[in-house]
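Inspection log for the structure reproduced underneath, given as structure tokens.
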Amino acid sequence: MGRVAVIGYAATPVGRLQPRTGDAGSLEHEVLADVVLRAVEMAQVDKSDIGGLSFAQPRPYTQQKYFGTFMASYLQLPCDGFVAEVLGNGMTGGLAFEHAADNIRSGRAKVALALGVNYETAISSGEHMMSSMRAVGDVDFQAPFGITPIAWYAMDMMRYMHEFGATREDVATVAVKNRHHASLNPLAQYRKPITLDEVMAQPTIVYPLGLYEVPPRSDGAVCLVLADEDVARASGRPYVVVRGTGFHHEGAHQITATPNDMIALNAAQKAGGQAFAEAGLKPSDLDFAEPYAPCTIVEVLVSEALGIVPRGAGAKFAAEGRTSLGGDIPISTSGGLTSRGHPAYVTPLYNLLEAVEQLMHQAGDRQVQDASVGLATAELGNYNAALVHILERVS
Amino acid sequence: MINTVQLNHPHPYPPRKTPFTTPFWEALAEGRFISTRLGADGAITFPPRDFDPATWSRDIEWVELSGRGTLYSVTSVHAAPEAFREFTPYQVAIVDLDDGPRLATAFLGPVDTPLDSPIEIVAMRYTDEVAFAARPLVD
Numbered sequence: 073m074g075r076v077a078v079i080g081y082a083a084t085p086v087g088r089l090q091p092r093t094g095d096a097g098s099l100e101h102e103v104l105a106d107v108v109l110r111a112v113e114m115a116q117v118d119k120s121d122i123g124g125l126s127f128a129q130p131r132p133y134t135q136q137k138y139f140g141t142f143m144a145s146y147l148q149l150p151c152d153g154f155v156a157e158v159l160g161n162g163m164t165g166g167l168a169f170e171h172a173a174d175n176i177r178s179g180r181a182k183v184a185l186a187l188g189v190n191y192e193t194a195i196s197s198g199e200h201m202m203s204s205m206r207a208v209g210d211v212d213f214q215a216p217f218g219i220t221p222i223a224w225y226a227m228d229m230m231r232y233m234h235e236f237g238a239t240r241e242d243v244a245t246v247a248v249k250n251r252h253h254a255s256l257n258p259l260a261q262y263r264k265p266i267t268l269d270e271v272m273a274q275p276t277i278v279y280p281l282g283l284y285e286v287p288p289r290s291d292g293a294v295c296l297v298l299a300d301e302d303v304a305r306a307s308g309r310p311y312v313v314v315r316g317t318g319f320h321h322e323g324a325h326q327i328t329a330t331p332n333d334m335i336a337l338n339a340a341q342k343a344g345g346q347a348f349a350e351a352g353l354k355p356s357d358l359d360f361a362e363p364y365a366p367c368t369i370v371e372v373l374v375s376e377a378l379g380i381v382p383r384g385a386g387a388k389f390a391a392e393g394r395t396s397l398g399g400d401i402p403i404s405t406s407g408g409l410t411s412r413g414h415p416a417y418v419t420p421l422y423n424l425l426e427a428v429e430q431l432m433h434q435a436g437d438r439q440v441q442d443a444s445v446g447l448a449t450a451e452l453g454n455y456n457a458a459l460v461h462i463l464e465r466v467s
Numbered sequence: 759m760i761n762t763v764q765l766n767h768p769h770p771y772p773p774r775k776t777p778f779t780t781p782f783w784e785a786l787a788e789g790r791f792i793s794t795r796l797g798a799d800g801a802i803t804f805p806p807r808d809f810d811p812a813t814w815s816r817d818i819e820w821v822e823l824s825g826r827g828t829l830y831s832v833t834s835v836h837a838a839p840e841a842f843r844e845f846t847p848y849q850v851a852i853v854d855l856d857d858g859p860r861l862a863t864a865f866l867g868p869v870d871t872p873l874d875s876p877i878e879i880v881a882m883r884y885t886d887e888v889a890f891a892a893r894p895l896v897d
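Each protein sequence line maps, in turn, to chains L and S. Under our numbering, the residues of the first sequence are numbered 73 to 467, in order. Under our numbering, the residues of the second sequence are numbered 759 to 897, in order.
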């Protein structure tokens with residue numbers, strides 16, 4: 073058995089796909105099946121080669137329950153590898169990728185799919201937040217204060233400005249930079265370029281973050297085709313391998329009673345350290361990074377935690393253009409969660425897709441020249457857990 | 759003892775109470791902020807728990823906290839869950855108590871309150887429930 077390779081991918085453009093009640097829009101299984109057929113066509117494998125299905129669990133708003141087993145039937149796809157839906161808040165898509173990779177590593181499948189669909193935009197934000205505030209805090213000792221998911225990141229931002237003297241403007245340049253990247257990405261939800269003045273003029277969502285510095289509501293469907301490296305090599309075409317993987321859960325849900333440095337993102341530090349050690353690489357070896365970063369400040373903090381930029385300098389690096397396409401280390405080449413969009417349960421699969429597309433040199437106008445090594449992350453909570461993948465082009 | 763703030767409306771999203779946590783809420787209604795600690799002088803945890811999370815020892819005791827501490831971070835929520843919409847913008851904070859634990863709670867102060875400045879925990883008496891919050895400490 074060889075390493076785990078990625079040999080195909082497809083996704084819908086991120087946006088508002090979920091039909092409202094009474095509308096005749098396409099439903100989750102239809103959209104996802106189209107994506108699967110396109111990804112498998114790209115991979116040039118036979119349907120009968122596929123031996124495992126690893127789904128990001130759909131949102132509770134998806135009417136079809138037991139969605140994974142329903143899809144196995146809809147696609148008429150018998151499997152000896154595991155077929156399951158996985159769930160881990162924002163990390164869900166990343167865990168689906170790992171579940172598929174395990175089907176390859178264990179030998180249960182030569183080819184396995186990591187896939188999912190996230191439909192949620194027909195549900196109002198006020199109603200959705202009644203659920204999400206319970207996901208990101210203690211239902212009895214935190215949710216009763218109305219602490220929303222991005223309120224935690226806003227508190228990271230306040231602490232970051234306090235400790236490092238970073239300005240709100242410097243952090244906001246991340247949104248401008250990522251919108252530029254998104255303008256070059258056909259899968260992105262928001263593609264019209266924006267200026268720093270426009271970012272600063274948006275209504276406040278969670279102080280000091282405004283509308284363009286927090287994630288939009290998004291739907292999406294995505295499929296990655298994973299394979300044993302033997303299968304990838306036999307194709308005779310370039311492919312991407314997983315060169316390093318790291319995971320750490322700090323045993324905390326947002327915060328614990330024991331005070332720590334909340335904005336050091338120690339789970340990302342540890343998971344990143346594991347991934348770089350396994351890969352035998354260091355942060356300066358990366359050609360680009362595609363972090364899971366729901367808000368501008370999160371991109372800054374996770375880039376620092378991974379050692380991609382110096383501690384306290386992440387916002388300044390963005391303001392100086394060093395993390396833009398064409399800069400020292402392009403970050404969020406897809407447009408990131410604020411502009412590419414954030415269909416939360418499948419967001420990590422979109423991030424991995426971006427990394428694979430860059431490494432296959434198929435990223436069009438936003439191609440990082442000669443990209444050979446890239447990094448993607450997934451997280452949950454307030455980066456209480458992090459999953460880090462280092463991917464490499466093989467040609 | 760901590761101070762109590764009176765409100766003239768019901769709690770927008772009341773917590774559930776269990777046989778174990780009921781003493782916490784009953785003490786709060788009397789103006790006392792209590793939690794649990796390992797043994798007679800060990801680390802204090804919050805929320806209260808019927809075992810010590812660091813050691814998994816069940817040897818825990820209730821202890822009254824001073825309710826004094828410092829502001830670690832704060833934000834104001836302008837886009838809120840439905841139950842909280844009528845109160846926007848409202849402030850929430852993370853505070854570090856002098857007694858040890860860090861907690862997240864409502865904040866009854868401006869969002870530009872300097873971080874690391876002193877705060878106090880207060881009881882919030884709604885028309886139907888009791889909760890707690892932090893506010894800037896005024897000597």
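Backbone N, C-alpha and C define an ideal beta-carbon position, used for all residues, glycine too.
Q) What residues in the segment 825-845 of chain S bring their beta carbon closer than 9 Å to a beta carbon of chain A? A) Of the protein chains in this structure, namely L and S, none is chain A.
Q) With 16 as the cutoff for other CB atoms within 10 Å, does A215(L) come out buried or exposed? A) buried
Q. Taking the alpha-carbon positions, what's the L283(L) to H252(L) distance?
A. 17 Å
**Q.** Boundaries (first-last residue) of the beta strand (DSSP E) holding Q764(S)
**A.** T762 to Q764
Q. Which residues in the same chain have their Cβ closer than 6 Å to the Cβ of F842(S), if we skip the five residues on either side of it in sequence?
A. P770
Q. So with Cβ pairs under 8 Å, would you call P216(L) a contact of chain S?
A. yes
Q.
Count Cβ pairs between the segment 250-265 of chain L and the segment 407-421 of chain L that sit closer than 8 Å; are there 3 or more?
A. yes
Q | Beta-carbon contacts of A427(L) that lie in its chain and below 6 Å, excluding the five residues immediately before and after | A | E362, G446, A448 and L463
Q: Could you give the DSSP three-state label for P363(L): helix, strand or coil?
A: coil
Q) Is it buried or exposed for K354(L), if we count other Cβ within 10 angstroms and need 16 for buried? A) exposed
Q) Under the rule that 16 or more other beta-carbon atoms within 10 Å means buried, what is A881(S), buried or exposed? A) buried
Q: Output, in chain order, the set of chain S residues within a Cβ distance shorter than 8 Å of V278(L).
A: T833, S834, V835, H836 and A837
Q | G153(L) and R177(L) closer than 8 Å at C-beta | A | no
Q. Out of curiosity, what's the CA-to-CA distance linking V758(S) and G140(L)?
A. Residue 758(S) is absent from the structure shown; chain S starts at 759 and stops at 897.
Q.
As a quick exercise: from L125(L), G124(L) and T134(L), pick the residue whose alpha carbon is nearest that of S98(L).
A. T134(L)
Q | Test: P331(L) CB closer than 8 Å to a CB of chain S | A | yes
Q | Spatially closest choice to P781(S) from P773(S), S793(S) and P772(S), by CA coordinates | A | S793(S)
Q. CB-CB under 8 Å to G858(S), same chain, minus the five flanking residues each way: which ones, in chain order?
A. A801 and I802
Q | Uninterrupted alpha helix (DSSP H) stretches inside the segment 185-236 of chain L (no shorter than 4 residues) | A | 197-207 and 221-236
(Q) Quick check: does the Cβ of R412(L) come within less than 7 Å of any heavy atom belonging to the ligand SAM? (A) With respect to small molecules bound, the structure shown includes none, and the ligand SAM cannot be examined in it.
Q) Rounded to whole angstroms, how far is the Cβ of R88(L) from the Cβ of T193(L), which I believe are closer than 8 Å? A) 4 Å
Q. Can you list, in chain order, the residues of the segment 136-152 of chain L whose Cβ is nearer than 7 Å to any Cβ on chain S?
A. none
Q. Are the beta-carbon atoms belonging to V78(L) and V294(L) less than 8 Å from one another?
A. no
Q | Cβ-based neighbour list, G379(L), same chain, cut-off 6 Å, excluding 5 preceding and 5 following | A | P355
Q | Beta-bridge pairing of A458(L) - partner residues as DSSP gives them | A | H320(L) and E451(L)
Q. Sorted by chain position, which residues of the same chain lie with C-beta nearer than 7 Å to L424(L)'s C-beta, five sequence neighbours on each side aside?
A. F169, L296, A448 and H461
Q | Environment of Q148(L) [buried if 16+ CB atoms lie within 10 Å] | A | exposed
**Q.** alpha helix (DSSP H) segment containing I476(L), residue limits
**A.** This structure leaves residue 476(L) out entirely; chain L is present only between 73 and 467.
Q. For R774(S), which residues in chain L fall below 9 Å Cβ to Cβ?
A. V211 and D212
(Q) What does the Cβ neighbour count give for Y127(L), buried or exposed, with the cut at 16 atoms within 10 Å? (A) Per the sequence presented here, residue 127(L) reads as Phe, with Tyr not at that position. Classification for F127(L): buried.
Q. Rounded to a whole number of angstroms, what is the C-alpha to C-alpha distance between E270(L) and R807(S)?
A. 47 Å
Q.
Checking the sheet assignment: what are the DSSP bridge partners for Q135(L)?
A. In the DSSP output, where bridge partners are listed per residue, Q135(L) has none listed.
Q. CA-CA distance, V278(L) and M233(L)?
A. 15 Å
Q: Give the residues from the segment 223-243 of chain L that approach chain S closer than 7 Å (Cβ to any Cβ), ordered along the chain.
A: A223, A226, M227, M230, R231 and H234
Q.
Once DSSP output is grouped into helix, strand and coil, what is the label at V313(L)?
A. strand
Q.
Short of 8 Å in beta carbon distance, which residues of its chain neighbour A837(S), apart from the five on each side in sequence? Order them along the chain.
A. T846
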